[in-house]
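Asks: One structure, pasted below without further comment.
Residue numbers (this note's numbering), protein chains in the order written: chain D, 1 to 164; chain X, 165 to 405.
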């Protein structure tokens, strides 16, 4: 690897490492796993360093890498010891209100198809608006709308199955 | 509407979104998220970055290639780096044996959220615990706070562990309303097959508390002879002005 690439990666790691680590803790729920996830994220950053955008877009780009990695970890390694535990507050049947419950959304996201879950997590759990989700994922806002609509259908089915 | 995680993280990096600072000043939830993330960022910068950032003298970026689960990569890399997960990592939160674990929830103004290590909580927040006993029959939940006070949360005010409800997963009955004692508070869950005497735990917690706030923030494994597993979670309460 050339020195310039080393410098670039070092710079990205120092600048965005703390933010990405905090994000990974939020997604994965424990520090040791989040540290692994942060390192895995920057391994992927290194692989695609030539495509790394500058300045403000760099955060969104690394966000996508970290989010995809963590959601795959949650799916593959079942890092959800209490994902099925009942949340402490009573729930409502109204979908919009349900989707305001970040813990519940997190549980539904973990059961959702890959294509929709990253968009859903960013929107419902992390609170990004549709434009921000589109920016992070590098897709059109229309695509985000479609993925969120698909997630909404999955959520309805999940809630109905849970209630029956 | 609340600030998105992306907006909060961008703010942490110095990017200003119009109106975001004003929102943060008036929104407890967003401020809590921001402060929790700030504590984690500080932990990364102080504890993780120094031992994981790439070194130019090394021929490549192998320092990134050491996730604990990547065994094959670990074998190749172990001689080239200071093995951060073995040497420098804090004691595992599940410190003894078994897979019993818990999740801590907080409720503030009707909003429920998961309490992760380093979370910033407020006086009046209500805390509840959900546990996976993994075969353990008894549980003691105890804490040490920034004022050096030991509390027994489960069974509340009890002298020894209480039997766990039947089932693979349980939401423990009742909730804890946080007082205004500022600083860190570390809560321990001790799973066992026989009851654990609370005084045995309290003595160790007082010893931790005697070390001050930083000692409470550090992970600890208690020495409990008949414990099956233990875990802990630390949160912070602000100084009230």
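For glycine and all other residues, C-beta sits at the position ideal for the given N, C-alpha and C.
1) Identify the contact partners of residue 285(X) in chain D, using a Cβ-Cβ distance below 8 Å as the criterion.
2) Nearest chain D C-beta to residue 181(X) closer than 7 Å, yes or no?
3) List the residues of chain D that residue 303(X) touches, going by C-beta distances under 8 Å, in chain order.
4) In the DSSP assignment, find the alpha helix (DSSP H) that holds residue 184(X) and state where it starts and stops.
5) Would you identify the three-state DSSP class for residue 348(X), choosing helix, strand or coil?
6) In its own chain, which residues sit with a C-beta less than 6 Å from the C-beta of residue 390(X), not counting the 5 before and 5 after it?
7) Just the Cα atoms here: how many angstroms apart are residue 309(X) and residue 215(X)?
8) What span of residues does the alpha helix (DSSP H) with residue 270(X) cover, start to end?
9) Starting from the Cα of residue 332(X), find the closest Cα among 296(X), 301(X) and 353(X) and give me that residue.
10) Where does residue 330(X) land, buried or exposed, given buried means 16+ other C-beta within 10 angstroms?
11) Within 7 Å of any Cβ in chain X, is that where the Cβ of residue 126(D) sits?
12) Hey, is residue 212(X)'s beta-carbon within less than 7 Å of any beta-carbon in chain D?
13) For residue 53(D) versus residue 208(X), is the C-beta distance shorter than 7 Å?
14) Give the residues from the segment 129-156 of chain D that approach chain X closer than 8 Å (Cβ to any Cβ), ordered along the chain.
15) Using a Cβ-Cβ distance cut-off of 7 Å, determine whether residue 69(D) contacts chain C.
16) Report back the beta-carbon spacing between residue 22(D) and residue 205(X) to the nearest angstrom; my notes put them in contact at under 8 Å.
17) Smallest Cα separation from residue 192(X): which of 341(X), 287(X) and 373(X)?
18) Go to residue 42(D), then tell me how far its beta strand (DSSP E) extends in each direction, as first and last residue.
19) What does residue 281(X) reach in chain D if we use C-beta pairs closer than 8 Å?
20) Decide yes or no for the touch test of the segment 60-67 of chain D against the segment 26-45 of chain D: beta carbon pairs closer than 8 Å, at least 3 of them.
21) Mapping the DSSP letters down to three states, classify residue 116(D) as helix, strand or coil.
22) From the beta carbon of residue 272(X), is the nearest beta carbon of chain D less than 7 Å away?
23) State the CB to CB distance for the pair residue 136(D) and residue 170(X), rounded to an integer number of angstroms; the pair is presumed to be in contact (CB under 8 Å).
24) Rank 27(D), 26(D) and 35(D) by C-alpha distance to the C-alpha of residue 13(D) and give the top, closest one.
25) Relative to the alpha-carbon of residue 189(X), which residue among 172(X), 275(X) and 340(X) has its alpha-carbon at the smallest distance?
26) Is residue 338(X) buried or exposed, if buried means 16 or more other CB atoms sit within 10 Å of its CB?
27) Residue 323(X) and residue 302(X) look like a contact to me (Cβ under 8 Å); what is the Cβ gap, rounded to whole Å?
28) Of all the CB atoms in chain D, is at least one closer than 7 Å to the CB of residue 394(X)?
29) With C-beta atoms as the reference, is residue 200(X) less than 7 Å away from residue 272(X)?
30) Mind pulling the chain X residues with CB within less than 8 Å of residue 12(D)?
31) What does a CB cutoff of less than 8 Å around residue 118(D) pick up in its chain, not counting 5 residues either side in sequence?
32) Can you tell me the Cα-Cα spacing of residue 398(X) and residue 148(D), whole angstroms?
33) So the alpha helix (DSSP H) residue 365(X) belongs to, where does it begin and stop?
34) Looking at the secondary structure, which residues open and close the beta strand (DSSP E) in which residue 392(X) lies?
Replies: Let's see:
1) Within 8 Å Cβ-Cβ: nothing; residue 285(X) doesn't reach chain D, min ~15 Å.
2) no
3) Per Cβ cutoff of 8 Å: no residues; residue 303(X) is ~14 Å from chain D at best.
4) That run of the alpha helix (DSSP H) goes 184-190.
5) Assignment of residue 348(X) by DSSP, reduced to helix, strand and coil, places it in the strand class.
6) 356 and 358
7) The straight-line gap from Cα to Cα measures roughly 30 Å.
8) From DSSP, residue 270(X) is part of no alpha helix (DSSP H) but of the beta strand (DSSP E) over 265-272.
9) 296(X)
10) exposed
11) yes
12) Interface residue, yes.
13) no
14) 129, 132 and 136
15) The chain labelled as chain C is not found among the protein chains of the depicted structure, namely D and X.
16) 5 Å between Cβ atoms; contact.
17) Nearest C-alpha to residue 192(X): 287(X).
18) That residue, residue 42(D), is in no beta strand (DSSP E); its alpha helix (DSSP H) goes 31-47.
19) 25, 30 and 31
20) Yes: the two stretches touch, three or more of their Cβ pairs being nearer than 8 Å.
21) helix
22) no
23) Yes, residue 136(D) and residue 170(X) are in contact; Cβ-Cβ is about 7 Å, under 8 Å.
24) Residue 35(D) is the option with its Cα nearest to residue 13(D).
25) 172(X)
26) By the 10 Å Cβ count, residue 338(X) comes out exposed.
27) Not a contact, Cβ separation roughly 13 Å.
28) no
29) no
30) Ordered by position in chain X, no residue passes the 8 Å Cβ test against residue 12(D), which lies about 11 Å from the chain.
31) 64, 67, 68, 71 and 137
32) Spanning the two alpha carbons is a distance of roughly 35 Å.
33) Where residue 365(X) is concerned, the enclosing alpha helix (DSSP H) stretches over 362-374.
34) Start and end: 391-401.
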